[in-house]
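Participant:
There are 2 protein chains.
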Amino acid sequence: MNDLSNHEQAIELLQELGLKEYEAKAFVALTRLPQGTAKEISDISEVPRTRVYDAVRVLETKGLVEIQHANPQRFRAVSIDEAAETLRREYEDRVDSLRTSLREIEPAVPAENTEVTHEVWALSGGSAITSRTQQLVDESDDEVILVIGDESAYTPELQERLQAAGDRDVSVVIGITEESLRERVQRELPNAKVFASGLEWLNSSAETGDETVIRRLLLVDRNTILVSSFHEDLGEGHEHEQAVFGRGFDNGLVAIVRRLMYTGLLSNVEA
Amino acid sequence: MNDLSNHEQAIELLQELGLKEYEAKAFVALTRLPQGTAKEISDISEVPRTRVYDAVRVLETKGLVEIQHANPQRFRAVSIDEAAETLRREYEDRVDSLRTSLREIEPAVPAENTEVTHEVWALSGGSAITSRTQQLVDESDDEVILVIGDESAYTPELQERLQAAGDRDVSVVIGITEESLRERVQRELPNAKVFASGLEWLNSSAETGDETVIRRLLLVDRNTILVSSFHEDLGEGHEHEQAVFGRGFDNGLVAIVRRLMYTGLLSNVEA
DNA sequence: ACCCACCTTCACTCACATAATCACAATAAG
DNA sequence: CTTATTGTGATTATGTGAGTGAAGGTGGGT
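Just so you know, the sequences run in chain order A and B.
Taking my numbering, the leading residue of the first sequence gets 1, the next gets one more, and so forth.
Taking my numbering, the leading residue of the second sequence gets 272, the next gets one more, and so forth.
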């Protein structure tokens, strides 16, 4: 009976989607009824009866609820799919407007200050990291070395870009832990050297007791690296991927990773 | 130079998408720079320098900003498309979860109280109204009379459903004010009787001075109606469509509209 | 080695939005 | 007419975020 859980989760999600607590609770309550009065809603949600009216009026203006003006007033939620679609569209529109607005804003360049070496950037979130990974592969000029520690980090888009890199004579070397994936990658990227990653020791959860694994490890042209790690994370239940990427041949971090990858990993390739 | 406008609009949109004011301002500021320090961000946004750090950290965890841990720290926004995509996905996921959660919640039926006649429901928002209109057409059993006061109210989806109604021997009658649209509808719905709406007098903005127009007027099986009106609305600039729909042959509202449509409008059809 | 300017963090106040409660008017039922 | 229930509005409490300042840290210049 994790129905309670669903119930609460729905309320939370609605709030994250911009509804107030009372609005969210009232909507979920209405979802459980074919229709309802303020009193009924108040009974099964925990919204004070006198506040149900305000909440429902707001929901009505958002297109999520219909109101029957009688005495007592009766309220009815639109279907779940209709509600979802309404909300989805609302945000879709906002994101589109945002994109447009941002493009129109003129850049401000206060000071020339483009020191390009020794950068080390931190970033988080799977999609941001995926995107940066692809970008770095696209930029590659000479050599790409990539260790994949997790099947989900190997996407079709990445595959394409690796292929493209290979096609323009970039040397592509890929290390993979899982054997099944290794075979698949070898098949899909005939130009690349695919080898068994000697990386297992990095993901030593047994010893350290933490649940962090290295998911991606990328070295481009010997002067740019990206490392991402993945936490199952604290009871929160929400997982998270974090990464750093660094540029500059003489960047300390880059140097360490370069050394690591060349000595610890590439020895397997030639062998 | 409504660039200011774009600037402010972007900030507002970001807040509607869940960012705090400082976070939104900082992000927009970063969008205008290839990269920036806390001071630079503070200068071109109106975020106190000491709070730029908090804001940017939050942005980083959302995958919108990258951080360079140096002294001074440097920040960089991801590309506009990347940011938009990240936000879009975030909400897409939430809506999907919401749909799932809502489906799982068991219904609660506190009291049998399903009085089906004499309903009059109020609803707002173009999409909710469109959806209800289509649903009513789908339910039609015998006769559909629809007056369209606005080209945008005649969508391909609606056309399909009217077609389908006609195919199952429902009598479809459509009134339209604009001549150009009338020809098109007649062409697309050969089964339907399309006529010049005698409805102009309803949209008497000249006399009443208000900017409200009747957008849709629907009568289904002589016992269910839907009326929607559209306001250009107060300086707010945000337009809004509102509607009522009612059920029950002996429902007063339904009776009035039925009478109106039969006498005032349908006389044209036979003529 | 020291000072000084700046960077960064943190704790705190204030204002405002929202949650929560109450008083009262309107309506319907008995 | 009485009474219970419904609906509206005002009022109070609470929590969050905006805005400000103090204090510690860092690096550069003397």
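Every residue, glycine too, gets a C-beta built ideally from N, C-alpha and C.
Could you give the first and the last residue of the continuous beta strand (DSSP E) run that contains E143 of chain A?
Facilitator: E143 to I148
Participant: Using a Cβ cut-off of 8 angstroms, pull out every chain A residue sitting near E287 of chain B, in sequence order please.
Facilitator: G18 and R94
Participant: Would Y362 of chain B count as contacting chain A if we go by Cβ distances under 7 angstroms?
Facilitator: yes
Participant: Under 8 angstroms: do the segment 124-138 of chain A and the segment 211-231 of chain A share three or more Cβ pairs, one atom per stretch?
Facilitator: Yes: at least three Cβ pairs fall under 8 angstroms.
Participant: The beta strand (DSSP E) spanning G517 of chain B covers which residue range?
Facilitator: H511 to R518
Participant: Can you have a look at T155 of chain A and say buried or exposed, based on whether 16 or more other CB atoms are within 10 angstroms of its CB?
Facilitator: exposed
Participant: What did DSSP end up calling V327 of chain B once you bin it into helix, strand or coil?
Facilitator: Residue state, collapsed to three classes: helix.
Participant: Under 8 angstroms Cβ to Cβ from D167 of chain A, same chain only, skipping five residues before and after it: list those, please.
Facilitator: N191
Participant: Does the beta-carbon distance from Y281 of chain A to V56 of chain A come in below 7 angstroms?
Facilitator: Because chain A is modelled from 1 through 271, residue 281 of chain A falls outside the range shown and cannot be assessed.
Participant: If you follow the alpha helix (DSSP H) that A295 of chain B is part of, which residue opens it and which one closes it?
Facilitator: That run of the alpha helix (DSSP H) goes E292 to T302.
Participant: Residues bridged to A122 of chain A by DSSP?
Facilitator: According to DSSP, A122 of chain A bridges with A:V244 and B:I338.
Participant: Which residues in the same chain as V28 of chain A place their Cβ atom closer than 6 angstroms to its Cβ, once the five residues preceding and following it in sequence are excluded?
Facilitator: Cβ within range, chain order: A10 and I11.
Participant: Would you report the Cα separation of R161 of chain A and G246 of chain A, rounded to the nearest angstrom?
Facilitator: 20 angstroms
Participant: If you compare alpha carbons, which of A:D169, A:V185, A:D43 and A:T177 is closest to L158 of chain A?
Facilitator: A:V185
Participant: A297 of chain B CB to nearest chain A CB: under 7 angstroms?
Facilitator: no
Participant: Going along the segment 395-420 of chain B in order, which residues come within less than 7 angstroms of chain A, judged by CB to CB distance?
Facilitator: S395, G396, S398, A399 and S402
Participant: List the endpoints of the continuous beta strand (DSSP E) containing I445 of chain B.
Facilitator: S442 to I447
Participant: Check the Cβ-Cβ distances between N277 of chain B and every residue of chain A, and say whether any is below 7 angstroms.
Facilitator: Interface residue, yes.
Participant: Can you give me the Cβ contacts of D142 of chain A inside the same chain, cut-off strictly under 8 angstroms, excluding the 5 residues immediately before and after it?
Facilitator: Around D142 of chain A: V170, S171, D221 and R222.
Participant: Rounding to the nearest angstrom, what Cα-Cα distance links L189 of chain A and V137 of chain A in this structure?
Facilitator: 14 angstroms
Participant: Give me the subset of the segment 44-65 of chain A whose CB atoms are less than 9 angstroms from a CB atom of chain B, sorted by chain position.
Facilitator: I44, E60, T61, K62, G63, L64 and V65
Participant: What's the call for A70 of chain A, buried or exposed, on a 16-neighbour Cβ count within 10 Å?
Facilitator: A70 of chain A counts as exposed, since fewer than 16 other beta carbons sit within 10 angstroms of its beta carbon.
Participant: For a contact meaning CB atoms closer than 7 angstroms, what does A355 of chain B contact in chain A?
Facilitator: V95, L98 and R99
Participant: Look at the alpha carbon of Y324 of chain B and the alpha carbon of V95 of chain A, and state the distance between them as a whole number of angstroms.
Facilitator: Across the structure, Y324 of chain B and V95 of chain A are spaced so that their CA atoms are roughly 25 angstroms apart.
Participant: Between A:T224, A:L13 and A:T86, which lies nearest to S140 of chain A when the distance is taken from Cα to Cα?
Facilitator: A:T224
Participant: Does any residue of chain B bring its CB to less than 7 angstroms from the CB of L217 of chain A?
Facilitator: no
Participant: If you measure from the beta carbon of L226 of chain A to each beta carbon in chain B, is any gap under 7 angstroms?
Facilitator: Taking a beta-carbon distance threshold of 7 angstroms, L226 of chain A does not count as an interface residue toward chain B.
Participant: Give me the Cα-Cα distance between L288 of chain B and D364 of chain B, rounded to the nearest whole angstrom.
Facilitator: 14 angstroms
Participant: Is it buried or exposed, S423 of chain B, if we count other Cβ atoms within 10 angstroms and call 16 or more buried?
Facilitator: Its Cβ having fewer than 16 others within 10 Å, S423 of chain B is exposed.
Participant: For K310 of chain B, count neighbouring C-beta atoms within 10 Å of its own C-beta (all shown protein chains included) and say buried if the count is 16 or more, exposed if not.
Facilitator: Within a 10 Å sphere around the beta-carbon of K310 of chain B sit fewer than 16 other beta-carbons, which makes this residue exposed.
Participant: DSSP three-state label for V227 of chain A, please.
Facilitator: strand
Participant: Span of the alpha helix (DSSP H) holding V47 of chain A?
Facilitator: Taken as a continuous stretch (DSSP letters only), V47 of chain A belongs to no alpha helix (DSSP H), as it is neither H nor E.
Participant: Roughly how many angstroms lie between the CA atoms of R89 of chain A and V58 of chain A, to the nearest whole one?
Facilitator: 18 angstroms
Participant: Going by DSSP in three states, K333 of chain B sits in which element: helix, strand or coil?
Facilitator: Coil at K333 of chain B, not helix or strand.
Participant: Drop a sphere of 10 angstroms on the beta-carbon of R99 of chain A, count the other beta-carbons inside from all chains shown, and report buried for 16 or more, exposed for fewer.
Facilitator: buried
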